[in-house]
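Below: the structure, in structure tokens.
2 protein chains.
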Amino acid sequence: MDQVIGIGLAGFGTVGAGVYRHLLSNAEVLSRRAGVAMEVRKVAVKDTAKRRDPAPGPGLITGDWKDLLDDPRVSIVVELMGGIDEPMALVAGALERRKPVVTGNKALLAERGEEIFQLAARTGTPVYYEAAVAGGIPIIKAVKEAFVANRFVSIHGILNGTSNYILTRMGSAGLDYPEALQEARDLGYAEADPTLDVSGWDAAHKAIILASLAYGFWVPPGRVLVRGIDAITAGDVRFADELGYRIKLLATIKAAEDLRIEVRVCPTLVPKSHVLASVSGVYNAVAVRGDIVGETLFYGRGAGQDPTSSSVLADLVEAAQALGRPPASVGFTGHELYGDCLPQEDAVSKFYLRLHVEDKPGVLARIAGILGDAGIGILSVIQPPHEESAGPVPLILMIHDARTGAMEAAARAIAGLESVKAEPALLHVEDFR
Amino acid sequence: MDQVIGIGLAGFGTVGAGVYRHLLSNAEVLSRRAGVAMEVRKVAVKDTAKRRDPAPGPGLITGDWKDLLDDPRVSIVVELMGGIDEPMALVAGALERRKPVVTGNKALLAERGEEIFQLAARTGTPVYYEAAVAGGIPIIKAVKEAFVANRFVSIHGILNGTSNYILTRMGSAGLDYPEALQEARDLGYAEADPTLDVSGWDAAHKAIILASLAYGFWVPPGRVLVRGIDAITAGDVRFADELGYRIKLLATIKAAEDLRIEVRVCPTLVPKSHVLASVSGVYNAVAVRGDIVGETLFYGRGAGQDPTSSSVLADLVEAAQALGRPPASVGFTGHELYGDCLPQEDAVSKFYLRLHVEDKPGVLARIAGILGDAGIGILSVIQPPHEESAGPVPLILMIHDARTGAMEAAARAIAGLESVKAEPALLHVEDFR
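Chains as they are written, first to last, in our numbering: chain E, 498 to 930; chain Z, 498 to 930.
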């Protein structure tokens, strides 16, 4: 511990403030364990006049992130700004100057990861991003280091706490989606504009990072199937429960044939017997299956000031320890053993199809006919109990393994039947084979 | 990938053979991801004549582990021999020669860890030991690196697959201990002499390593409370179930007052609502609570050729990448923020006390009197349903937080009552506060 390492912090929101606070509060344990002492020497924020708690020391605050780049007392740049264009310029500027970067910006990596790691490789300067995926859970370290000898069979993750909270409450309290969303807002688990969370895109950014790391090429966001949770009804949650499943916003990443991979993030029926079905509230979890290690699972808090700070601080220690020596890895290595995504229409899955139909003879026969003509097998049909009425009634079909493209076409054809009254809901069913 | 790193393998049992096999089978993914190529250049075994599958290449086998030390083509020594004295001599010899060591030997580290890491620090040569704790689960990396910024509140682990299989089957199939043990033997989950597993000592070795790493000093094995599962009856498993618990062989590691820690490994009642209660069969799991990261959990296969090989290979990659540069860490850093174990008699816990008593008035009053005199509170008393008979009947008491010393003395006094007929069973109850 000869030397104090200077940190430049870009962004002082929830996570930035947490990093600053814990760097002070746990300085002793950090420096004794890691043999490095670290000090924040510049903090870049948008509004320099804003009062903050904790308040960065006098003279630390700047309104211009570019000030971090050329300050010789800043050796490591921590990017916690949010957004894409400015963070990209900051990260590129830091790497050009051979300053290692720690970031928690999942959108930045998902959109511009390829470019960032080309630059990291060219300048021999590492980028650390444990905080970008699943908050305090060290899943990047697990996939990158602990399972380095494994070919990945599959990775399944619950990667968005807000969505998981909403779906959990729809199940445990029978709430409808708008009620559960409002509750999440009231508790501070959902932002005023929850679009990024409930649309599936926050989880998709994390899934893209995990898939890219596991399979050694940057997965284009356009090749990922992303569906949100806003169309899920309290009825779907209840019907799934009766069938032995819970609905989760699940990231599914799998090795497919011909060195291709499948990546999707969508509301998915998970068997209650699988441990991921028990991950409730704002918690995250990732199940990784490797060809050598077998089945593993990692669980913890996936967001929030403290868990995310814990990951940023771990990355900072690693960055500080590696300063001034050629890094073993810049944080991502393309390995060309896989190279493409399976087209979504070719991905094979079980499905849950929920319809609202007229309660009269012959309806099921017509639906079964459409599926049969498409070569799609039905596993089971349930007609949940309903009140006697002239209105449409729910009808649930569990569908055998089918090509997604064929299944979607069949669902559209079924939706066009006169006796089918509302838009069908088509959800993936994951059985973790 | 300019250079091939030479490996010396000491021990070619289950794990050694797995490392050899997967180093060949996954050579491409390993070398592309890690940028290092590795080759086994010597294999030390006891019986050089034995036929092996996979069979190490010609000329690799030696009957003397000392041959690994002075062979200049061996850069990293992998110790998978078992035992303590010979492995200790091998590890010391390798470190003296500045050859990094990868080991899966939990007994060696638990007994001689302090000495090994003093030597590692003196020679600046790292020792890697992910495979020593919880097989394929990267818990050493998590505690050492991912949570480096945290003060550890507690670590709870199910660390022995054999015991967990036996307890799981006692619960799911109502087997008695001897039947469940025989089943585990028949399936290859228990060895001919299962003492190390069922006595709690295998788990205790792992707990000692985790506790030492988390709290920065080598925990003396004599300061750990270790109890086996062989006195647990099918009745205890059933009574615990009725009370809302499962019995697990649980390692409990906690920060206590005055910079002291508690470490124990014993059959423990775990609330069914806690995720550790759901860890069944030969799986392992570790729940880590840090002051910043909060509650986390790691789950996977804790033993066996493949999962353990996965961890050895990850350590090998790290060792190979770090060759020839001063290591950031030699694998263990004492930090002097904690320094002692709480005496076991001072540890406070809830308890389960199972008695067999004469079924007549006044018995409970005398038992309650002894507990009351000792200042020990009773949470609940249950008398499980039993056949009408003149013989003794089970009586279960759930005990409020009590000092272990006081509780054990009270249990002895109760055992001395004339109406108490069999040896009482006293088990810890963990509520994860």
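By construction, the Cβ of each residue, glycine as well, lies at the ideal position given by its N, Cα and C atoms.
### Message
Measuring straight from C-alpha to C-alpha, what distance separates residue 694 (chain E) and residue 721 (chain Z)?
### Response
46 Å
### Message
I believe residue 537 (chain E) touches residue 520 (chain E) by the beta-carbon criterion, under 8 Å. Please report the beta-carbon distance rounded to the nearest angstrom.
### Response
Cβ-Cβ separation between residue 537 (chain E) and residue 520 (chain E): approximately 6 Å, consistent with a contact (criterion under 8 Å).
### Query
Taking DSSP as the reference, what is the three-state secondary structure of residue 768 (chain E)?
strand
### Query
Of all Cβ atoms in chain Z, is any one closer than 8 Å to the Cβ of residue 609 (chain E)?
no
#### Entry: C-beta atoms of residue 773 (chain E) and residue 751 (chain E) nearer than 8 Å
Between residue 773 (chain E) and residue 751 (chain E), the gap from beta carbon to beta carbon reaches 8 Å or more.
### Message
Please state the DSSP three-state secondary structure of residue 661 (chain Z).
### Response
In the structure shown, residue 661 (chain Z) sits in a helix (DSSP, three-state: H, G or I).
### Query
If you check the beta carbons only, do residue 571 (chain Z) and residue 507 (chain Z) fall under 8 Å apart?
no
### Query
If you measure from the beta carbon of residue 916 (chain Z) to each beta carbon in chain A, is any gap under 8 Å?
In the displayed structure, chain A is absent; the protein chains listed are E and Z.
### Task
Please name the residues in the segment 504 to 526 of chain Z whose beta-carbon is closer than 9 Å to at least one beta-carbon of chain E, in chain order.
515, 519, 520, 522, 523, 525, 526
### Query
Using a C-beta cutoff of 8 Å, does residue 640 (chain Z) count as contacting chain E?
no
### Between the CA atoms of residue 924 (chain E) and residue 765 (chain E) - distance to the nearest angstrom
6 Å
### Task
Give the single residue among Z:902, Z:893, Z:899, Z:782 whose Cα lies nearest to the Cα of residue 917 (chain Z).
Nearest C-alpha to residue 917 (chain Z): Z:893.
### Query
Just checking, does the segment 554 to 568 of chain E make contact with the segment 651 to 662 of chain E on the three C-beta pairs under 8 Å criterion?
No: fewer than three Cβ pairs fall under 8 Å.
#### Entry: As assigned by DSSP and simplified to three states, the class of residue 883 (chain Z)
coil
### Task
Measure the Cβ-Cβ separation of residue 803 (chain Z) and residue 789 (chain E) and say whether it is below 8 Å.
yes
### Query
Can you list the beta strand (DSSP E) stretches of 3 or more residues lying completely in the segment 802 to 889 of chain Z, in chain order?
845 to 854, 875 to 879
### Query
Can you tell which of Z:594, Z:573, Z:528, Z:583 has the C-alpha that lies nearest to the C-alpha of residue 542 (chain Z)?
Cα-wise, what sits closest to residue 542 (chain Z) is Z:583.
### Task
For residue 773 (chain Z), decide whether its Cβ has a neighbour in chain E, counting only Cβ atoms nearer than 8 Å.
no
### Delimiting residues of the beta strand (DSSP E) encompassing residue 696 (chain Z)
Looking at the DSSP string, residue 696 (chain Z) is not in any beta strand (DSSP E), and its letter there is neither H nor E.
#### Entry: Candidates E:880, E:896, E:897, E:679: closest to residue 889 (chain E) by CA position
E:880
### Message
So, at 6 Å on beta carbons, what are the nonlocal neighbours of residue 826 (chain E) in its own chain, with the 5 sequence-adjacent residues on each side left out?
### Response
Annotation for residue 826 (chain E): no residue places its beta carbon closer than 6 Å to its own, counting only its chain and skipping 5 residues before and after.
### Query
Ends of the beta strand (DSSP E) at residue 794 (chain E)?
791 to 798
### Query
Would you say residue 796 (chain Z) faces chain E, with C-beta separation under 8 Å as the test?
Interface with chain E (8 Å Cβ-Cβ cutoff): residue 796 (chain Z) is included.
### Message
For chain Z, check one thing: does any of its Cβ atoms lie closer than 8 Å to the Cβ of residue 600 (chain E)?
### Response
no
### Query
Which first and last residues belong to the beta strand (DSSP E) in which residue 749 (chain E) is found?
For residue 749 (chain E), the uninterrupted beta strand (DSSP E) run begins and ends at 742 to 752, by DSSP.
### Task
Mind checking the segment 621 to 641 of chain E against chain Z and listing, in chain order, the residues whose C-beta falls within less than 8 Å of any C-beta there?
627, 633, 634, 635, 638, 639
### Message
At the level of alpha carbons, what is the spacing between residue 527 (chain E) and residue 709 (chain Z)?
### Response
Going from the Cα of residue 527 (chain E) to the Cα of residue 709 (chain Z) covers about 16 Å.
### Inside the segment 538 to 566 of chain Z only - beta strand (DSSP E) runs reaching at least 3 residues
Unbroken beta strand (DSSP E) stretches of 3 residues or longer found wholly inside the segment 538 to 566 of chain Z: none.
### Message
Just verifying my parser: in three-state terms, what is the DSSP assignment at residue 511 (chain E)?
### Response
helix
### Message
Tell me which residues share the same chain as residue 622 (chain Z) and place their Cβ nearer than 6 Å to its Cβ, disregarding the 5 neighbours each side in the sequence.
### Response
Taken in chain order, the residues that qualify are 592, 595, 597.
### Query
When the Cα of residue 711 (chain E) is compared with those of E:691, E:727, E:759, E:900, which residue comes out closest?
When only C-alpha atoms are compared, the closest one is E:759.
### Task
Answer yes or no: does any C-beta atom of chain E fall closer than 8 Å to that of residue 799 (chain Z)?
no
### Query
When the Cβ atoms of the segment 714 to 734 of chain E are set against those of the segment 680 to 689 of chain E, are three or more pairs found closer than 8 Å?
no
### Query
Along chain Z, which residues have their Cβ under 9 Å away from the Cβ of residue 572 (chain E)?
Within 9 Å Cβ-Cβ: nothing; residue 572 (chain E) doesn't reach chain Z, min ~15 Å.
### Query
Between residue 796 (chain E) and residue 769 (chain E), what straight-line distance do the alpha-carbon atoms span, to the nearest angstrom?
Their Cα atoms are separated by approximately 17 Å.
### Query
Taking 8 Å as the CB-CB cut-off, is residue 644 (chain E) touching chain Z?
yes
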